[in-house]
Every structure is written in C-alpha cells, then in structure tokens.
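In my numbering, the protein residues as written are 812 to 1033.
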C-alpha cells in the first residue's frame, strides 16, 4: 500500500470533528510530500531540528506540530512557524514559549501534557498540577501563548481496558477544567490516540489523533 492510500484509508475511519496529525518523524521529505500531494497538511515531528529542516524544505501551507518533549533552549528555533506544541509540562516552558512568541509577534498554541499512563513516564504532569499552572499568576501574564487543550499518551499495552481507563482520565481532566475562564486558556483539543489505539481514543472523546506507522510504515532510525 502506498503512503497516499494508507492516509486516505485512515482518514475514512476518522470522524470529521477529529484532526489527524500525520507523524512524519524520521521520514524523508519525499515520503511527506506523498501525503501532502493528496491534500494532507498537518504533520507532527518529535525533534525540533528535524522539523525546522523540513519546514524550510517544504510548502509553507503545512501546519507543523511539535509532538516530542521540548527543551527550553530550542524553542527559539521553531517559534516563528510552529502551529501547535503538544508536550508542554511546566510553567517555565510556557514562559519560554511566550518569550519567543513575543519576539516573533505571534501567539503560539500549546497543549498541556497530562500523565495518564501506568508506566513511569518522565514527561507530563498530573491534572492537579495542570490546574495549579492555569490558575497561577505567572500563567495570567503570558499573553503570547494560548493553551488550547491537553495531550496524553496511554500505556503501551495490549490491555484495552487499561488504555480506555487512561483515555477517560484525560477526557475527564478536560471536562473538569474547560469551564475555567482565563483569556489564554481556550480548551478545545484532546490529543490522544496513535496508530494502534486511535479508534479507541476517538470513542473516548479524542479530537486529535497522532498516526505515524499507520500512514508511513515502520520508522527509519538514523
């Protein structure tokens, strides 16, 4: 199956209100162009350097999502063009994104990464920590970022009940915080679900899925 066929097949299984992020990390520009040429324009990368290189090499109507862990000292390289940053897990990172967005005279959309998996992940924060950030004085001063929702990664397991429980935790976090009225907090996105579990994620309320191998095949590692 070609990349174009894989993409169109997956799109046919996704409801209209759900955004598909084609995870293009480790893929060459030629592969990504195959998806672009059948009309797909939202791609996810997990390394800022790779994303910057692809941004310069590819059409400028592509929306680039940063889906990996973000180091504060690298935010400046993507601040002029990144469309959405998925893995935000500290007020310090939000402050740096805000600072770089201000320099580029724009507002950058972000998702707060919530820890939902059983396995001990280094990244993400608990729902109560997210609430603390959103209600903090520091957050209220950030005029060049907008938190538009939450992202989570489920445990890597065959146990669908476990995955479902974790997806439901992210959905309930979203539901409990979405009523907060803060100018730079406009929650509309629940980013959860990947190639193996995106259908289950959509059943649990996901509005954005991140699919890589289902579109591009197994990853190349340099």
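From the three backbone atoms N, C-alpha and C, an ideal C-beta is built for every residue, glycine too.
The three-state reading of DSSP puts residue 1002 in strand, counting E and B together. Under DSSP, the beta-bridge partners assigned to residue 921 are 896 and 958. In this chain, residue 828 is not harboured by any beta strand (DSSP E), its DSSP state being neither H nor E. Straight-line spacing of the CA atoms in residue 870 and residue 925 works out to 32 angstroms. Sequence-distant Cβ neighbours of residue 1005 in its own chain, meaning closer than 6 angstroms and more than five residues away, are 1021. Counting only residues of its own chain and dropping the five nearest sequence neighbours on each side, residue 840 has a CB closer than 8 angstroms to the CB of 865, 868 and 869. Counting C-beta atoms within 10 angstroms of its own C-beta, residue 1029 has fewer than 16 neighbours from the protein chains shown and is therefore classed as exposed. Taking each of 848, 1014 and 817 in turn and checking the Cα distance to residue 971, the smallest one comes out for 1014. Across the structure, residue 917 and residue 954 are spaced so that their CA atoms are roughly 10 angstroms apart.
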